[in-house]
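See below for the structure under consideration.
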Amino acid sequence: PPRWPLAGPGAPQAVGGAGSAPGPVPRARVGRGGGKRKRGGCGRFRIRRGAGRALRHRHPARPAAPSPLPDSVVFQPKTPSARREVTHYKQYPPNTSKVYSYFECREKKTENSKLRKVKYEETVFYGLQYILNKYLKGKVVTKEKIKEAKEVYREHFQDDVFNEKGWNYILEKYDGHLPIEIKAVPEGSVIPRGNVLFTVENTDPECYWLTNWIETILVQSWYPITVATNSREQKKILAKYLLETSGSLEGLEYKLHDFGYRGVSSQETAGIGASAHLVNFKGTDTVAGIALIKKYYGTKDPVPGYSVPAAEHSTITAWGKDHEKDAFEHIVTQFSSVPVSVVSDSYDIYNACEKIWGDDLRHIIEARSPEAPLIIRPDSGNPLDTVLKVLEILGKKFPITENSKGYKLLPPYLRVIQGDGVDINTLQEGLLVEQIVEGMKKNKWSIENIAFGSGGALLQKLTRDLLNCSFKCSYVVTNGLGVNVFKDPVADPNKRSKKGRLSLHRTPAGDYVTLEEGKGDLEEYGQELWSVKRDFVLRCHLGTFFPSCLSSFLPPQFWS
């Protein structure tokens with residue numbers, strides 16, 4: 001286990017679930033006799049005369065809860081095909097036998113937004129293995145699913161557009177396995193934008209329509225890719241300042257802690273996003289990510305992420321304002337031999353640091369070991385101003401030293417974590433991470449003193465457009481003739497797509513290059529796309545590895 005993985009507010013426990021049955025429909029009490037009667041809160045009811053206690057609700061009865069859907073769903077109407085893909089089999093040219101598509105994070109050719117400081121020139125490829133194992137593995141087509149999809153799409157489109165014949169063909173010939181091949185770069189790879197990341201093609205000429213049917217679910221890899229990439233960019237910033245103010249990268253993997261569990265839209269989002277952050281760091285309060293990694297990737301360590309006991313405002317305010325000192329003392333006493341994080345701004349963060357931690361409880365804090373530090377967490381105010389003032393107060397109350405670089409360092413039993421308003425990209429919800437650490441550097445404080453926690457900005461405030469993630473067809477075979485295809489919108493050159501069959505290579509100099517139009521047979525270049533699924537075989541086996549960018553996130557000058 002790490003020496004002191006920083007932590008913040010505890011992750012909430014999941015309650016209920018998607019498969020939970022709805023509660024009972026409210027019932028009205030019915031008295032004797034007939035006539036109309038109202039019951040507050042239950043709507044209007046009409047009682048039929050002469051029907052005794054029989055009751056008829058004016059609104060239709062609630063339908064029975066649907067049965068839970070299995071994990072390996074490719075083709076349930078509720079999951080991974082969008083409305084548009086359902087009708088595409090009727091739109092391709094006659095005698096089409098092959099559709100070949102690819103996924104990339106397009107290289108933006110226009111200037112970044114003024115609110116967006118980070119350019120994201122490289123991406124971290126991560127998350128496809130989870131999607132393949134959860135949604136495309138094994139027998140994903142059954143008679144029951146075909147029947148249900150046919151009925152739902154008929155109602156949805158008000159027309160019989162569902163490709164029942166095509167799905168029955170897959171069921172009968174392949175026992176419900178999908179006749180497709182997917183080639184991808186290894187997960188954890190750091191690839192410059194504008195390069196192909198994975199390709200998809202059908203392996204049976206009758207199933208040309210299948211390639212882009214699964215676009216919707218495959219493109220959802222944009223989310224783990226974007227989280228991992230965004231997390232890595234913050235790691236680069238923290239590494240730069242940690243090295244400049246301490247001369248070492250020790251503890252870097254715990255400098256950005258995941259506080260995002262309660263800020264995401266679903267349990268699955270929490271698992272995917274948290275696991276993507278753990279590609280770069282080891283600190284997390286979002287335990288759903290740990291479960292996902294252990295199930296779909298595997299890890300050499302018992303767990304891929306760590307946390308520590310941490311207070312939240314309720315465990316402080318429950319003692320009452322006049323007993324904040326008692327709350328602090330109780331918590332640090334309960335966790336005397338391990339690191340403990342205590343949020344200290346319930347009333348007055350500066351008084352807490354100066355009077356309570358600095359005077360009343362100083363003897364208790366000084367008795368803690370370097371392996372079990374107190375981690376003070378401010379959680380309000382301007383992040384830079386608050387952090388600097390907290391450090392100055394603590395520096396006057398506790399003995400500080402200077403490291404080899406001449407920067408101030410709190411005693412090893414005391415640290416700070418800033419978890420409010422931490423963002424990399426925008427001033428809308430606080431200061432940029434870089435502004436905070438730059439402010440510390442100017443005031444001669446080492447980054448060793450602090451870690452950061454990030455919630456919604458880390459896992460939720462992201463979109464597919466941040467990295468311009470795109471899935472496009474680049475090659476088709478019609479009437480036995482292969483054709484390179486592409487789009488090139490006159491109004492937006494950024495959306496120009498690639499042509500033909502693609503291959504990703506790495507030059508002798510270490511640069512990545514994508515070759516188009518099937519020109520990838522170059523002996524001096526190694527092929528970087530590997531087959532991860534073909535027909536019945538899923539080659540990204542579980543438990544083999546969990547990607548880590550711990551040695552590949554830094555610019556070259558850091559390793560010179």
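For the sequence shown, my numbering gives the first residue as 1, with consecutive numbering after it. Beta carbons: idealized from backbone N, C-alpha and C, even for Gly. Fair warning: this is a prediction, and the values are worked out from it, not measured in the lab.
Along the chain, where does the beta strand (DSSP E) containing residue i start, and where does it finish?
i    : result
K183 : I180 to A184
A327 : Looking at the DSSP string, A327 is not in any beta strand (DSSP E); the run it does join, the alpha helix (DSSP H), is E324 to Q334.
E122 : E122 to V124
D258 : L256 to D258
E104 : T96 to C105
K472 : C469 to T478
T245 : No beta strand (DSSP E) holds T245; the alpha helix (DSSP H) holding it covers W222 to S246.
T463 : That residue, T463, is in no beta strand (DSSP E); it is neither H nor E in DSSP.
T514 : Y512 to L515
Please state whether the Cβ-Cβ distance between residue i and residue j is less than 8 Å.
i    : j    : result
V532 : A184 : yes
N195 : Y512 : yes
V342 : T211 : no
I393 : C353 : yes
Y407 : S248 : no
I180 : T203 : yes
K441 : E244 : yes
I447 : Y130 : no
F335 : P309 : yes
S231 : L256 : yes
A288 : G305 : no
V390 : V422 : no
E366 : Y413 : yes
Q418 : I375 : no
L171 : V190 : no
S380 : D345 : yes
C105 : L197 : yes
I424 : P383 : no
K397 : G358 : yes
Y208 : D535 : no
E517 : N479 : no
L128 : S266 : no
T386 : I356 : no
Check residue i in the structure and name its three-state DSSP category.
i    : result
L575 : Nothing in the structure corresponds to residue 575, since the chain is present only between 1 and 560.
T211 : helix
K36  : Low local confidence applies: a pLDDT of 43 at K36 is under 50, so the model's placement there is unreliable, with the coordinate-based value given in what follows. Note: K36 maps to strand in three-state DSSP.
V485 : coil
G320 : coil
A451 : strand
Y89  : helix
G289 : helix
R534 : strand
Y297 : coil
A491 : coil
L171 : helix
E201 : strand
T432 : The question names Thr, but residue 432 is Leu in the sequence shown. Three-state result, L432: strand.
L249 : coil
A276 : helix
Tell me the residue span of the alpha helix (DSSP H) that contains residue i.
i    : result
G456 : G456 to L459
S344 : Per DSSP, S344 belongs to no alpha helix (DSSP H) and is neither H nor E.
S503 : Careful: S503 lies outside any alpha helix (DSSP H), inside the beta strand (DSSP E) at S503 to R506.
Y153 : K143 to F157
Y135 : L128 to Y135
Does the beta-carbon of residue i, which I'm using as the reference point, lie nearer than 7 Å to any heavy atom of the ligand COA?
i    : result
F259 : Although the ligand COA was asked about, the structure shown includes no ligands whatsoever.
Give the list of continuous beta strand (DSSP E) stretches no shorter than 3 residues that lie fully inside the segment 346-427. 374-377 and 414-418
Cβ contact (3+ pairs, closer than 8 Å) linking the segment 456-465 and the segment 489-502: no
Taking 8 Å as the threshold, find out whether the segment 89-98 comes into contact with the segment 461-469 through three or more Cβ pairs. With a cut-off of 8 Å, the segment 461-469 and the segment 89-98 do not count as touching, because too few Cβ pairs lie within range.
Tell me whether the segment 220-233 and the segment 148-158 touch, counting them as touching only if at least three CB pairs, one residue from each stretch, are closer than 8 Å. Short answer: they don't touch.
Counting Cβ pairs closer than 8 Å, one from the segment 158-174 and one from the segment 259-276, do we hit at least three? no
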